[in-house]
Amino acid sequence: MNFGWISIAICCCCILLMCKPSNAAELSFNSPRLHRPRAYSPTENFEGQRKQMVEYQLRARGIKDKRVLAAMSKIPRDQFVDPSWRDLAYCDRPLPIGHNQTISQPYIVAYMSSVARISPSDRVLEIGTGCGYQTAVLGELAKEVYSVEIIPQLADRGRKILSKLDYKNIEVKTGDGYQGWTEHAPYDAIIVTAAPEHIPQSLIDQLAVNGTKVIPLGTWYQQIYVLTKTPDGMVKEKTIPVRFVPMRRKLL
Ligand code: SAH
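Spelled out as C-alpha cells, the structure:
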C-alpha cells in the first residue's frame with residue numbers, strides 16, 4: 325500500500341468518526357463549530373420531547389435526584405437555543421449558542437446539578453451563564469443563584485430569557501468568573517461550566533464550609549471534580565470525563 329492509499333484510509337476513518345452519533349452518556353461534545361441553520365416548526369411538540377429527554381437521557385442513565393428531574397421536566401430548553409436550532413433543543417448533545425460557545429448536553433446539566441446536592445435554602449454561584457439554561461435549573465433548586473458570564477452579549481441574552489421566564493431568584497453579572505462574586509459569598513454550592521486548568525483559589529475561598537463545588541478541570545482531556553469543603557480542608561473526587569469550552573481570563 326502506498327502513501328496515497330494510506331492517506332485515503334485515514335481520511336475515511338476520520339469522516340466515519342466525525343459522523344458517529346453521540347450516545348456516550350459521559351461525554352459532552354461541546355463543539356462550537358457545529359452549523360445547522362434550519363427553521364423549526366412552531367407546531368413541534370416540545371413538551372413530549374422534554375418528557376422523553378428526562379426518561380431516556382436522564383432517568384435511564386442513572387439521574388435519580390427528583391428535584392433535578394422535576395426542574396428539567398419543567399424548563400423549556402427550546403427557549404434557550406437559537407430558533408434555527410430549536411428542533412434539536414431536546415437532543416442528546418450540546419448545541420451552539422453563538423460566540424463560539426455552547427449549551428451543554430442535557431445529561432451533563434443534570435449530572436452537575438445532582439452532584440452539587442443543592443437544597444431549597446442554598447445560595448449558589450454559577451460561573452459561565454452561557455444561554456442561561458443551567459442557571460434556570462439552579463434557579464429551580466436553590467433559594468438564590470448568582471451567575472457570572474464573561475461575554476457581555478451572552479450575559480444580556482441570559483438575563484433577558486431568565487427574566488422572561490420569571491426567575492426572580494437569579495442575578496446575572498458580566499465579568500470574569502475566575503474571581504467569583506465576592507459580594508454574595510459564601511456559597512453553599514459553586515458550579516463552573518467552563519474548564520480552567522487549575523481550580524481558581526477565589527472559588528475555594530468563596531465556598532461555605534460543607535459547601536460543594538462542581539468543576540470541569542483540564543485542557544483537552546477534562547474531568548468533572550466534585551469538591552467538598554470540610555473544616556479540615558478540601559475533599560476532592562474525580563468523576564466523569566467531559567468536554568467543556570475553556571475558561572477565559574479576559575473580559576471581551
Ligand atoms: N452553563 C451553560 C454552559 C455555557 S458554556 C449551559 O447551560 O449550557 C460556558 C460559558 O462559560 C460560556 O458562555 C463562556 O463564555 C463562559 N465563560 C468562559 N470563561 C469564563 C469566565 N472566566 N468567567 C465567566 N464566564 C466564562
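So the mapping is simple: our numbering equals the position in the sequence shown, first residue as 1, plus 324. For every residue, glycine included, the Cβ atom is placed at its ideal position computed from N, Cα and C.
CB contact flag (residue i, residue j, <8 Å)
i	j	result
residue 470	residue 449	yes
residue 414	residue 374	yes
residue 453	residue 496	yes
residue 460	residue 489	yes
residue 516	residue 421	no
residue 494	residue 403	no
residue 514	residue 541	no
residue 504	residue 527	yes
residue 405	residue 419	yes
DSSP-derived helix/strand/coil call for residue i
i	result
residue 495	strand
residue 573	coil
residue 561	strand
residue 512	strand
residue 431	helix
residue 440	coil
residue 456	coil
residue 486	helix
residue 518	coil
residue 524	coil
residue 386	coil
residue 461	helix
residue 397	helix
residue 411	helix
residue 504	coil
residue 480	helix
residue 402	helix
Distance, residue j Cα to residue i Cα
i	j	result
residue 518	residue 435	15 Å
residue 427	residue 564	18 Å
residue 573	residue 500	6 Å
residue 546	residue 561	13 Å
residue 394	residue 385	16 Å
residue 536	residue 554	10 Å
residue 551	residue 477	31 Å
residue 369	residue 381	17 Å
residue 539	residue 525	13 Å
residue 498	residue 487	16 Å
residue 463	residue 472	14 Å
residue 543	residue 492	35 Å
residue 400	residue 455	12 Å
residue 383	residue 566	19 Å
residue 390	residue 438	9 Å
residue 409	residue 508	35 Å
residue 377	residue 416	8 Å
residue 559	residue 407	42 Å
residue 532	residue 387	26 Å
residue 548	residue 568	10 Å
residue 412	residue 571	26 Å
residue 510	residue 480	25 Å
residue 397	residue 502	31 Å
Residues bridged to residue i [DSSP beta-bridge criterion]
i	result
residue 471	450 and 496
residue 552	536 and 559
residue 425	422
residue 542	546
residue 531	511
Residue i classed as buried or exposed, judged by whether at least 16 other C-beta atoms fall within 10 angstroms
i	result
residue 458	buried
residue 429	buried
residue 521	exposed
residue 446	buried
residue 425	buried
residue 512	buried
residue 482	buried
residue 530	buried
residue 444	exposed
Residue-level contact to chain C via CB, residue i, 8 Å cutoff
i	result
residue 474	The structure shown contains no chain C; it holds only a single protein chain.
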